[in-house]
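Residue numbers (our numbering), protein chains in the order written: chain F, 1 to 271; chain E, 272 to 712. Positions of the beta carbon are idealized from the N, C-alpha and C atoms, including for glycine. It should be emphasised that the depicted structure is a prediction, and the values quoted were computed from it without experimental measurement. Contents: one structure, followed by commentary.
Here it is, written out as structure tokens:
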């Protein structure tokens, strides 16, 4: 009961924070700045309480299925945003990050329960698989938020609409750097997640059934991010192209997560 | 005699630059000039503000008419000629309002400009150093600084750049963030281009100058603090630069689409901010569509400055309301000064009577310990406060309406305050605790 209540309160707070962020960027009301910070802070604190309470209720860390992984990833995404704020001049990037946080958090309430895999998969592998994937999701969420902000800011600059929102959003260089750094953290984690996931699937009783749609989409996601990083490093991709590539990769990743949330631990029907 | 505020001066609104030049006082001479002006005019307090757009003397005087006349004469003597309508004289609330508006940049050539507040603060410091800053002017400017701070934080009056150079800097920062270490390429030798390049250089960017004439490139580079390169290095410098400013007198495009396609490819997607200040344009407009290249011409920049100016003017209305409220608060305080000595005297007299009676009675009371004595003291204070509450409120209300004189006179007579006040300073209209430098707290 308490867990559900905390979930609802937390979701509402994230929603309010996201709305205030967007309102500030659009209309620039200075009176919103403090409420934004306060609401975001309270939302994160409530989220932490939700995770702790879930842990106590479940009797184990709330990171053994896709739903709890999403809830944890949402929490870490907001924490990563705060860290980015300390490191880069990206105030009001929350207008793009917090809605993603909310999306991940709401997604954690959607879908079926955990499939019992204890008899089929090495428990350590499952923990590692989920753990690194949570880190990957978090990093890609931040990269996507920064990428979306870049696309918007760049468009405003090209259209010479440099009043209003343009003033309030971070500079393009900072957004590109945040996206690049986040990709740099997220890709190795996601790669490890893919590898451990492959081991888990091959080692499970349903190995002969092949890979599910979500799992295949997961591989596609990896390929998209690999291409973005490769082109960033090799072909000097920066700015708009890199941002759009990151957004495509993140959409693929969201599809993977949706597949798991709807289809259960195996990610739905196999190929 | 009551003390009155005044300001005598001229500004860009009333006098041309030649006239302002004649009266301008250099930074080094402000302190001495302030003291000299106070001496010449016979005022009680004086502050001299001298900037490129205004020369004004603010003061406090007993005889307003005589002092403002003397101030005008002093300024005309300095100018060496009559100044007629170029000089304005404002008194009392108008003078206070003017001081607040000036500090808040509402009277500036560019509304919202940030320099004026610092300049007024320096003028006040100079007056403090000259010993001409008294409690009234000190408090006035302290409140003016508070109003200016409110105007800057509560309105958008200072937002948005209002010159082509500063807009260019603002846009460059929005693309690259901090400009330290960024490379600015200046192509050509136009004035506006030079101004923009200097502004960017001032923000920490490195500057490279390319010109068809090596001599001009060298001279401009030396003038702006950059390095010169020959025109043959243009393509290479375009690849290296982060910001390019073109300001040539060429009649055709200097940066063609073909040239810039090659540059964009060599840059491998690194953003390039192109500012084309030339008329006719130096850069083919199609270049703005190339990946990673942001092109702004002089029309775009001027449109931005016009938008920003328009917005500042719109914000000025809100700023005026803040200034108005702060001026009213200051005037309310100033009016209350007239009744403060009477209120203080009333409290002292009434308090003395109550305490004397208590002191006469307490020896007759047995077993009166310290706690009881404290209770009696508290009771004495309460009696004084309650007895005088209505009278104090009435005095303050009357001072707000400017009708306190008769009430003060009656109260002083009824309570015999003038008999008690043998040691009060003659003609004192203020009863302030002077803080350091003459400002009141």
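In this structure the segment 452-462 of chain E touches the segment 477-487 of chain E; the number of beta carbon pairs closer than 8 Å is three or more.
In the DSSP assignment, residue 335/E forms no beta bridge with any residue. In terms of Cα proximity to residue 131/F, the closest of 191/F, 110/F, 150/F and 168/F is 191/F. Of all residues in the segment 450-472 of chain E, none places a beta-carbon less than 7 Å from a beta-carbon of chain F. If you draw a 10 Å sphere on the C-beta of residue 649/E, you find fewer than 16 other C-beta atoms in it, and that means exposed. Taking CB atoms only, residue 58/F has no neighbour in chain E less than 7 Å away.
Residue range 569-608 is occupied by the alpha helix (DSSP H) that includes residue 584/E.
Shown here is that no member of the segment 629-652 of chain E has a Cβ falling below 7 Å from a Cβ of chain F.
Contact check for residue 342/E against residue 286/E fails: the beta carbons are separated by 7 Å or more. The residues 196, 199, 200 and 203, in chain order, have a CB closer than 8 Å to that of residue 125/F in the same chain once the five nearest residues on each side in sequence are set aside. Taking every protein chain shown into account, the CB of residue 224/F has 16 or more other CB atoms within 10 angstroms, so this residue is buried.
Taken in chain order, the whole alpha helix (DSSP H) runs of length 4 or more contained in the segment 31-96 of chain F are 33-58 and 66-87. A straight-line Cα-Cα distance of about 53 Å links residue 464/E and residue 274/E. In the structure shown, residue 499/E adopts extended strand secondary structure according to DSSP, grouped into three states. By the 16-neighbour rule on beta-carbons within 10 angstroms, residue 153/F is buried. Three or more beta-carbon pairs separated by less than 8 Å are not found between the segment 401-421 of chain E and the segment 442-456 of chain E, which leaves the two stretches without contact. Across the set 667/E, 415/E and 654/E, the C-alpha of 667/E shows the shortest separation from the C-alpha of residue 603/E. Nearest Cα to residue 239/F within the set 175/F, 18/F and 36/F: 175/F.
Not one beta carbon of chain F lies nearer than 7 Å to the beta carbon of residue 533/E. Nearest in C-alpha terms to residue 231/F, of all of 659/E, 539/E, 351/E and 549/E, is 539/E.
Scanning its chain for C-beta atoms nearer than 6 Å, with the 5 sequence neighbours on each side dropped, one finds around residue 95/F the residues 21, 22 and 25, in chain order. For a cut-off of 8 Å, the C-beta gap from residue 184/F to residue 28/F is around 33 Å, too long to register as a contact. Rounded to whole angstroms, residue 178/F and residue 516/E show a C-alpha spacing of 28 Å. With its beta carbon at least 7 Å from every one in chain F, residue 593/E lies outside the interface. Of all residues in the segment 148-180 of chain F, only 153, 154, 157, 158, 160, 162, 163, 166, 167, 169, 170, 171, 172, 173, 174, 176 and 177 come within less than 9 Å of chain E when Cβ atoms are compared, listed by chain position. Shown in chain order are the members of the segment 233-245 of chain F whose Cβ falls below 9 Å from a Cβ of chain E: 235, 236, 237, 238, 239, 240, 241 and 242. Here DSSP, grouped into helix, strand and coil, assigns residue 319/E to strand. With contacts defined by Cβ atoms closer than 7 Å, residue 372/E and residue 365/E do not form a contacting pair.
With its beta carbon at least 7 Å from every one in chain F, residue 524/E lies outside the interface.
With the criterion set as a beta carbon lying under 9 Å from some beta carbon of chain F, the members of the segment 567-585 of chain E are 567, 571, 574, 575, 578, 579 and 582, in sequence order. The beta carbon of residue 128/F sits closer than 8 Å to those of 192 and 196, all from its chain and outside the five residues before and after it, given in chain order.
Nearest to residue 317/E by alpha-carbon distance, out of 349/E, 333/E and 408/E, is 408/E. Closest option to residue 352/E, judged by alpha-carbon separation, among 290/E, 551/E, 399/E and 518/E: 290/E.
Taking a C-beta distance under 7 Å as the contact criterion, residue 295/E and residue 338/E do not qualify as a contact pair. In chain order, 563 place their CB closer than 7 Å to the CB of residue 541/E, counting only its own chain and leaving out the 5 sequence neighbours on each side. When the beta-carbon positions are compared, residue 523/E and residue 431/E stay at least 7 Å from each other.
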